[in-house]
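Residue numbers (UniProt numbering), protein chains in the order written: chain A, 1 to 220; chain B, 1 to 220. Where a beta carbon is used, it is the ideal one built from N, C-alpha and C, also for glycine. Heads up: the structure comes next, in structure tokens.
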DNA sequence: TAGATTGTTAATCGATTAACAATC
DNA sequence: TAGATTGTTAATCGATTAACAATC
């Protein structure tokens, strides 16, 4: 019945991927899976999967494996994505719009409830039913609606001030798309950075192996 | 003079963050830094930083530390982001547009040279100087221009086919924004997935600690 | 029942940290 | 020169893998 044992960071990092894979399996109509099969699918070892899951409880059954649906529900509980957190989005530029229009927040158990911007051209418009408010209404809105998460899509130079303003207004977590690193210990709430550039750089690094011009890939 | 020694995955994962931090330091006009100071800034240990960097060579100087500029250049070489790779973007929806308009490709040494879509409404338009071609021109274009990287922003159901088509046309790496996991060993080129949802879920997980409604966060 | 597969304990492997001689 | 800081070797710590009794 333990909620958390001693969950290492490495395990936590794998949880979203477990969740994603299991959702895909469920979509394919697969109702149960063994650690061995799942390992094959995810390029892990069966041992590791059993070890990881056992941090949170015994969800499997000997001789049978794991129920996909049950595991999904458990992972939603573990990840805390089942609680229908309420999110507001700051900065309705191209990226903000792309998120409002295309991103499936509900997949993560998050519900976007409002957006904010300063530009007259977007204030008052709606994206997929989400209304864009003038930024000056932020304080009043937060007091009334008590959102949990802020999706930060403002320009880099405005990001830090905005983050502090949000925390002051009761925001409990920041999903940060502005390309600025924020010190969590200063803000006092979790900040999850999305660094597109890290991802692209990792791709470039991994492409070096296949680079026809890179002949100096020798050891020593 | 070693190009690569035995670089573990953990080290590689930290490289983009080293690069980002050093660029920030350079922007602040800081010309040199010791492993101790850098460790403080990045929440690592000085030992780890020296260990990590020494995988690629001895870039520091006893009694002095590291030259920020020199380290940036070295990291660009190590990461392979200095080669000005050429990228094409597939799928000019909101996300594709957001990337074309806002993302600083040059930060990663990548140069976007063209975009492709099927919709008559966007074909022929330009975003920051990048022209949107009709998708049917892809083959001809690739043969002529030989792009290295594909930025995949097409809908999930088109992603896998498109990826295979791109590889057939000589693409050597895929930056994948479509929410579909691709088997690299099938494609034969590196694929770097951008999973927004993983990031948002991790935020939700980390917010659990501060959740006022979550009283059962006990050990055992 | 027999076969399969779990959860967990022990063994191995790898990554991080500490320490220190070399030297700028 | 003396103080500072590197690169590297050895020690510690943690994470992954292997093995197996328990049991569905």
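Asked                                                                                                                                                                                          : Found
Examine chain B for any beta-carbon lying closer than 8 Å to the beta-carbon of residue 159 of chain A, and answer yes or no.                                                                  : no
Of all the CB atoms in chain A, is at least one closer than 8 Å to the CB of residue 142 of chain B?                                                                                           : no
Go through its chain and collect everything with a Cβ distance to residue 69 of chain B's Cβ below 8 Å, but skip five positions before and after it.                                           : 26 and 31
Taking all protein chains shown into account, do 16 or more other C-beta atoms lie within 10 angstroms of the C-beta of residue 155 of chain B, making it buried, or fewer, making it exposed? : exposed
Suppose you measure from the CA of residue 111 of chain B to the CA of residue 33 of chain A; what does that come to, to the nearest Å?                                                        : 44 Å
Please tell me whether residue 152 of chain B has its Cβ less than 8 Å away from any Cβ of chain A.                                                                                            : no
At a Cβ threshold of 8 Å, is residue 201 of chain A touching chain B?                                                                                                                          : yes
For residue 112 of chain A, does the three-state DSSP call read helix, strand or coil?                                                                                                         : strand
As an exercise, report each continuous beta strand (DSSP E) stretch of at least 3 residues that is fully enclosed by the region 71 to 120 of chain B, in chain order.                          : 85 to 90 and 110 to 117
By DSSP, does residue 132 of chain A sit in helix, in strand, or in coil?                                                                                                                      : strand
Which first and last residues belong to the alpha helix (DSSP H) in which residue 186 of chain B is found?                                                                                     : 184 to 187
Is the region 157 to 173 of chain B touching the region 71 to 80 of chain A in the sense that three or more CB pairs, one from each, lie closer than 8 Å?                                      : no
List the residues of chain B whose Cβ lies closer than 7 Å to the Cβ of residue 168 of chain A, in chain order.                                                                                : Per Cβ cutoff of 7 Å: no residues; residue 168 of chain A is ~15 Å from chain B at best.
So which of B/108, B/158, B/89 and B/126 has the shortest CA-CA distance to residue 20 of chain B?                                                                                             : B/108
Quick one: grab the DSSP three-state call for residue 146 of chain B.                                                                                                                          : coil
Could you tell me whether the region 85 to 99 of chain A touches the region 142 to 152 of chain A, where touching means 3 or more Cβ pairs closer than 8 Å?                                    : yes
Excluding sequence positions up to five away, which residues of its chain have a Cβ less than 8 Å from the Cβ of residue 48 of chain A?                                                        : 39
Could you tell me whether the Cβ atoms of residue 147 of chain A and residue 202 of chain B are closer together than 8 Å?                                                                      : no
At a CB-CB cut-off below 9 Å, which residues of chain A make contact with residue 40 of chain B?                                                                                               : Per Cβ cutoff of 9 Å: no residues; residue 40 of chain B is ~12 Å from chain A at best.
Spell out whether any CB of chain B is found under 8 Å from the CB atom of residue 71 of chain A.                                                                                              : no
Using the rule of at least 16 other Cβ atoms within 10 Å of the residue's Cβ for burial, across every protein chain shown, is residue 176 of chain B buried or exposed?                        : buried
Chain A beta carbons: is any one of them nearer than 8 Å to that of residue 90 of chain B?                                                                                                     : no
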